[in-house]
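Here's the structure, in C-alpha cells; my notes come after.
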Amino acid sequence: MSPSDSTRFRFRSAGWRDRPPVPEDEAGNAFIQSQRPEIRKLARSLVTQPADSLRAARELLRFVYSTLEKVPVANLSTALDILAQKKGDCSEHTTLYASLSRALRIPTRVRIGLVHLQGRFLYHAWPVVYSQGQWWDVDPTLNQFPADATHIPLLEGDPTQLSGLLPGLGRLSITLLDYETSHVAN
Numbered sequence: 011m012s013p014s015d016s017t018r019f020r021f022r023s024a025g026w027r028d029r030p031p032v033p034e035d036e037a038g039n040a041f042i043q044s045q046r047p048e049i050r051k052l053a054r055s056l057v058t059q060p061a062d063s064l065r066a067a068r069e070l071l072r073f074v075y076s077t078l079e080k081v082p083v084a085n086l087s088t089a090l091d092i093l094a095q096k097k098g099d100c101s102e103h104t105t106l107y108a109s110l111s112r113a114l115r116i117p118t119r120v121r122i123g124l125v126h127l128q129g130r131f132l133y134h135a136w137p138v139v140y141s142q143g144q145w146w147d148v149d150p151t152l153n154q155f156p157a158d159a160t161h162i163p164l165l166e167g168d169p170t171q172l173s174g175l176l177p178g179l180g181r182l183s184i185t186l187l188d189y190e191t192s193h194v195a196n
C-alpha cells in the first residue's frame with residue numbers, strides 16, 4: 011500500500027467514557043437475550059454480591075471465560091445457543107457476557123474493533139460495563155478485567171454491526187507512531 015492509498019485516522023477516546031448509560035444498555039435483543047428467564051436465573055446464580063456491580067461483572071467474566079471453548083464460529087449465535095454449544099470466538103463470548111450482565115441490570119455495551127495478539131492486530135469484539143460511575147472495557151475471551159490497552163474500538167453497538175467493518179476488512183494497516191508507558195503500583 012502506497013502512502014497515497016492510505017487514509018489516516020485519529021482515534022480519540024475522549025467523550026465516550028463520559029456518556030451515561032441509556033436504557034438500551036440494559037435491554038435484550040434477538041442475540042443478547044438478557045430478558046430470557048434462563049439467562050436471568052443463571053446470571054443470579056453466578057454472582058455472590060449482586061449489589062456490587064463491579065464484583066458481579068468480574069464474576070461473570072470468569073464464568074464466560076472458563077465455560078466457553080475458544081474456537082472460531084462462522085455465524086452469530088444467540089445467548090441460549092451459545093450456552094448450549096459452550097464454544098465460540100469473541101462474538102460468542104461477548105454476546106453471552108452482555109446477556110448475563112444486562113440480566114443483572116448492569117449497563118453493558120458491545121465494542122467491535124482491533125486487538126493486538128501474537129504480534130499482529132486482529133478484528134475483535136468485547137463488552138464494556140458501567141459500574142462505580144465509569145465504563146470498564148472487559149474481555150471475556152482473553153480473561154482480562156479490565157481489558158488491556160491493545161483493544162482499539164472502531165464501532166460500538168450490537169454484534170450484528172460487525173458488517174460495518176466489512177468495507178475495510180483486510181485493507182486496514184496500523185503504524186505505531188508513538189507510545190507512552192506508565193508504572194502502576196500494586
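Going by the numbering used here, the sequence shown opens with residue 11, and the numbers climb by one from there.
Here a beta-carbon is modelled for each residue, glycine too, at the ideal position from N, C-alpha and C.
Coil, strand or helix - residue i by DSSP
i: residue 44; result: coil
i: residue 77; result: helix
i: residue 99; result: coil
i: residue 104; result: helix
i: residue 115; result: coil
i: residue 87; result: coil
i: residue 127; result: strand
i: residue 33; result: helix
i: residue 164; result: strand
i: residue 132; result: strand
Selection from the options that minimises the alpha carbon distance to residue i
i: residue 40; options: 108, 84, 98; result: 108
i: residue 151; options: 141, 44, 104, 121; result: 104
i: residue 134; options: 165, 144, 118; result: 165
i: residue 43; options: 83, 90, 129; result: 90
i: residue 155; options: 97, 65, 35, 50; result: 65
i: residue 121; options: 29, 141, 74, 163; result: 163
i: residue 123; options: 157, 115, 141, 116; result: 157
i: residue 132; options: 106, 99, 143; result: 99
i: residue 49; options: 159, 94, 82, 30; result: 94
i: residue 55; options: 113, 36, 29; result: 113
i: residue 106; options: 129, 59, 46; result: 46
i: residue 33; options: 143, 159, 118, 128; result: 118
Cβ-Cβ separation, residue j to residue i (assumed contact under 8 Å), whole Å
i: residue 101; j: residue 70; result: Rounded, the Cβ-Cβ distance is 17 Å, inconsistent with contact.
i: residue 161; j: residue 145; result: That belief does not hold up - the Cβ atoms of residue 161 and residue 145 are roughly 13 Å apart, past 8 Å.
Residues near residue i by beta carbon distance below 8 Å, same chain, minus five either side
i: residue 153; result: 71, 72, 75
i: residue 67; result: 111, 116, 139, 141, 146, 148, 155
i: residue 36; result: 44, 112, 115, 116, 117, 118
i: residue 31; result: 117, 140
i: residue 88; result: 40, 41, 43, 105
Cβ shell of residue i (< 7 Å), same chain only, five flanking positions each side left out
i: residue 167; result: 120
i: residue 77; result: 96
i: residue 126; result: 160
Cβ-based neighbour list, residue i, same chain, cut-off 6 Å, excluding 5 preceding and 5 following
i: residue 80; result: none
i: residue 51; result: none
i: residue 82; result: 99
i: residue 129; result: none
i: residue 58; result: none
i: residue 53; result: 110, 113, 114
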